[in-house]
Every structure is written in structure tokens, then in C-alpha cells.
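Structure first, then comments.
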Amino acid sequence: MGYYGFDQYYIFLVMPALLLSLYAQYKVKSTFNDFRRVGNRKGLTGAEVSRRILDSNGLYDVVVQPVRGELTDHYDPRTKVVRLSDSVYNSTSVAAIGVAAHETGHAIQHKVGYAPLALRSTLVPVANIGSSAGPYLAILGLFIGWPTLVNAGIILFTAAVAFYLVTLPVEFNASKRAIALLEETGMLYGDELASAKKVLRAAAMTYVASAAVAMASLLRLILLTSNRRRND
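Read left to right, the sequence shown gives residues 1 to 232 (UniProt numbering).
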């Protein structure tokens with residue numbers, strides 16, 4: 001059966017990981033929606049919180065900008081821009097504050113030279129190629145009987161999986177920094193801080209699920225190619 005068909009490896013490896021991913025997506029959206037209705041008592045917006053954290057860490061050259069979309073928030077290390085989605089940038093909800101602080105945490109990681117962030121940035125080009133082309137190359141190599149192409153495809157896809165794995169400490173550390181900064185600066189009260197933690201904890205699940213899907217897909221690819229080689 002082809003790589004993009006259903007087989008025992010897909011059912012027992014990939015499908016459970018995909019279900020976990022779907023649950024994680026549901027959980028982060030539902031948690032965010034729950035706490036987007038709860039405003040912080042100081043009336044700070046996501047953009048204001050991000051700017052305050054940046055300035056308190058001497059990151060005056062980092063810009064905070066709005067970006068379209070839902071939960072499209074991110075930090076771009078190439079341009080030194082924290083981009084906050086519409087539901088975060090002008091929002092005073094505790095959910096928005098948590099997300100804004102998290103993304104700003106990435107800017108601080110960039111400033112201090114946090115190694116996993118640098119490694120993840122290095123992996124981006126090969127990971128983009130590996131995630132899209134790796135499986136195709138491996139399966140094509142099997143069909144035409146070219147082991148080198150099979151190995152190249154697996155190596156490329158492994159780089160993509162490495163990207164997802166390196167993302168985990170990057171995201172966990174950014175959330176840890178965010179909570180610490182919000183606590184130190186007193187921008188959120190105790191109950192509000194607890195709510196922000198729940199939002200970030202739910203968001204962390206999506207990264208764990210993505211890594212699980214990537215690892216399951218890689219293991220499936222290796223098993224499929226190994227079985228095909230034995231049968232040839």
C-alpha cells in the first residue's frame with residue numbers, strides 16, 4: 001500500500017497522533033475562547049503588555065505589529081517583529097495577555113541567544129523541504145530501486161521531525177518566561193495569572209501533538225520502506 005494510503009502503521013501509529021492533534025486544536029481554541037471573555041483588571045491590551053515587556057528588557061528595536069487571522073501570533077527573528085493577531089493585539093482579555101507575553105518571550109530568547117531557538121531557525125529551510133518532499137523521495141526511490149534516494153528522503157523527513165522536536169523546548173521556555181515576566185511586573189493579578197497559565201498550557205499541547213504526528217509519520221515511513229526492501 002502506498003505511503004498516502006491506509007495501512008496498519010497508519011492506523012496504529014499516525015491515526016492516534018492525528019486524533020491527539022485534533023483534540024489539542026480543539027482544546028486551545030476552546031480555552032482561548034473561554035478566557036477571551038475575561039478582561040484583566042488593569043485594562044492592558046496585548047500590544048501594551050508586549051511593548052512593556054520588550055522595553056523592560058531593553059528591546060526597544062523590536063516592533064509590535066497587528067497581523068490578520070485567528071491565533072496567528074508569532075515572533076519573526078529576521079525582522080525583529082512581534083506580530084499579534086486581531087484577537088490579541090487590542091484585546092484586554094487574560095487570554096490575549098498570556099499569548100502576547102508568550103510571543104514576546106521569543107524575542108527575549110532571541111536577545112539572550114537561546115540555543116534551541118537558533119537551532120530551530122537553522123532547521124527551517126531543510127525542514128520545509130523535508131516535510132513536503134521527503135516521503136515522496138523515499139517512496140519514489142523504492143519504486144525505481146534506488147536506495148540512495150530512499151535514504152535521502154528519510155534523512156530529509158528526519159530533519160523535519162527534528163524541527164518539531166526542537167520546537168518543544170522553545171515554546172515551553174517562552175511560556176515559562178511569559179508567566180515569570182507577568183508575575184514579576186505585576187501586570188496580572190493572581191487569579192488572572194492562573195487563567196493565563198491555562199491558556200498557555202493548552203497551547204503547549206498543540207506543539208506536543210504536532211511532534212507526535214511527525215514522529216509517528218517518520219516511523220511509519222521507515223517501517224514501510226524497510227518492509228518493501230525485505231520483500232524485494
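Each residue gets a CB set at the ideal place from its N, CA and C atoms; glycine is no exception.
Below 8 Å, how does it come out for the segment 79-87 and the segment 49-68: are there three or more Cβ pairs, yes or no? With contact defined as three or more Cβ pairs closer than 8 Å, the segment 79-87 and the segment 49-68 are in contact.
If you run the structure through DSSP and keep just helix, strand and coil, what is Val-62? Here residue 62 refers to the residue found at position 62 when the sequence shown is read from its first residue. In the structure shown, Val-62 sits in coil (DSSP, three-state: anything other than H, G, I, E or B).
Indicate the three-state DSSP secondary structure (helix, strand or coil) for Ser-93 in the structure shown. If you number the sequence shown from 1, residue 93 lands on position 93. Strand, per DSSP.
What did DSSP end up calling Tyr-114 once you bin it into helix, strand or coil? By one-based count along the sequence shown, residue 114 stands at place 114. The answer is coil: DSSP assigns Tyr-114 none of H, G, I, E or B.
Which one of Leu-18, Arg-78, Arg-68, Leu-54 has the shortest CA to CA distance from residue 240? This structure leaves residue 240 out entirely; the chain is present only between 1 and 232.
Enumerate, from N- to C-terminal direction, the unbroken alpha helix (DSSP H) stretches of 4 or more residues contained entirely within the segment 10-83. Runs of the alpha helix (DSSP H) lying entirely within the segment 10-83 and spanning at least 4 residues, in chain order: 15-35, 46-56.
Among Tyr-26, Leu-19, Val-170, Asn-90, which has the Cα closest to the Cα of Tyr-75? The count along the sequence shown starts at 1 and reaches residue 75 at position 75. Closest option to Tyr-75, Cα to Cα, is Val-170.
Closest residue to Val-67 among Leu-59, Asp-191, Asn-90 (Cα-Cα distance): For the purposes of this step, residue 67 is identified with residue 67 of the sequence shown, where counting begins at 1. Out of Leu-59, Asp-191, Asn-90, Asn-90 has the C-alpha closest to the C-alpha of Val-67.
On the three-state DSSP scale, how would you describe Ala-152? Taking the sequence shown and counting its residues from 1, one reaches residue 152 at position 152. In the displayed model, Ala-152 falls within a helix according to three-state DSSP.
Roughly how many angstroms separate the alpha carbons of Ala-160 and Arg-41, rounded to a whole number? Locating residue 160 in the sequence shown gives position 160, counting from the first residue. Locating residue 41 in the sequence shown gives position 41, counting from the first residue. So the alpha carbons of these two residues sit roughly 42 Å apart.
Should Ala-70 be labelled buried (16 or more other beta-carbon atoms within 10 Å of its own) or exposed? Position 70 of the sequence shown, counted from the first residue, corresponds to residue 70. Ala is not the amino acid found at residue 70; the sequence shown has Glu there. By the neighbour-count rule (16 or more Cβ atoms within 10 Å), Glu-70 is not buried but exposed.
Exposed or buried, what is Pro-125 when buried is set at 16 or more other beta-carbons lying within 10 Å of its beta-carbon? Counted from its first residue, the sequence shown places residue 125 at position 125. Exposed: under 16 other Cβ atoms inside 10 Å.
Reducing DSSP to helix, strand and coil, say where Gly-2 ends up. As a first step, residue 2 must be located in the sequence shown, where it is residue number 2. Unreliable placement is indicated for Gly-2, whose pLDDT of 45 sits below 50; no coordinate value is reported for it.
For Tyr-164 and Thr-45, I'd like the C-alpha separation in whole angstroms. Locating residue 164 in the sequence shown gives position 164, counting from the first residue. Locating residue 45 in the sequence shown gives position 45, counting from the first residue. The straight-line gap from Cα to Cα measures roughly 31 Å.
Between the segment 173-182 and the segment 131-141, can you find at least three pairs of beta-carbon atoms closer than 8 Å? Touching, no.
Find the nearest neighbour of Ala-133 within the set Asn-151, Ala-118, Ile-97, judged by alpha-carbon distance. Locating residue 133 in the sequence shown gives position 133, counting from the first residue. Ala-133 has its Cα closest to that of Asn-151, out of Asn-151, Ala-118, Ile-97.
Closest Cα partner of Ser-131 within the set Leu-218, Leu-224, Arg-228: Numbered from 1 along the sequence shown, position 131 holds the residue referred to as residue 131. Closest by C-alpha distance to Ser-131, out of Leu-218, Leu-224, Arg-228, is Leu-218.
Could you tell me whether the segment 90-107 touches the segment 31-39, where touching means 3 or more Cβ pairs closer than 8 Å? As far as the Cβ criterion goes, the segment 90-107 touches the segment 31-39, which means the pair count is three or higher.
Enumerate in chain order the residues of its own chain whose CB-to-CB distance from Tyr-9 is below 6 Å, with the five nearest sequence positions on each side excluded. Locating residue 9 in the sequence shown gives position 9, counting from the first residue. If you ignore the 5 residues before and after Tyr-9, its C-beta comes within less than 6 Å of the C-beta of Arg-220, Leu-223, all in its own chain and listed in chain order.
Just the C-alpha distance for Ala-211 and Lys-80, rounded to the nearest angstrom, thanks. Residue 211 sits at position 211 when you count from the first residue of the sequence shown. Residue 80 sits at position 80 when you count from the first residue of the sequence shown. The straight-line gap from Cα to Cα measures roughly 26 Å.
Taking the CB atoms as reference points, tell me whether Leu-193 and Ala-178 lie closer together than 8 Å. Walking along the sequence shown from the start, residue 193 turns up at place 193. Walking along the sequence shown from the start, residue 178 turns up at place 178. The answer is no: Cβ separation not under 8 Å.
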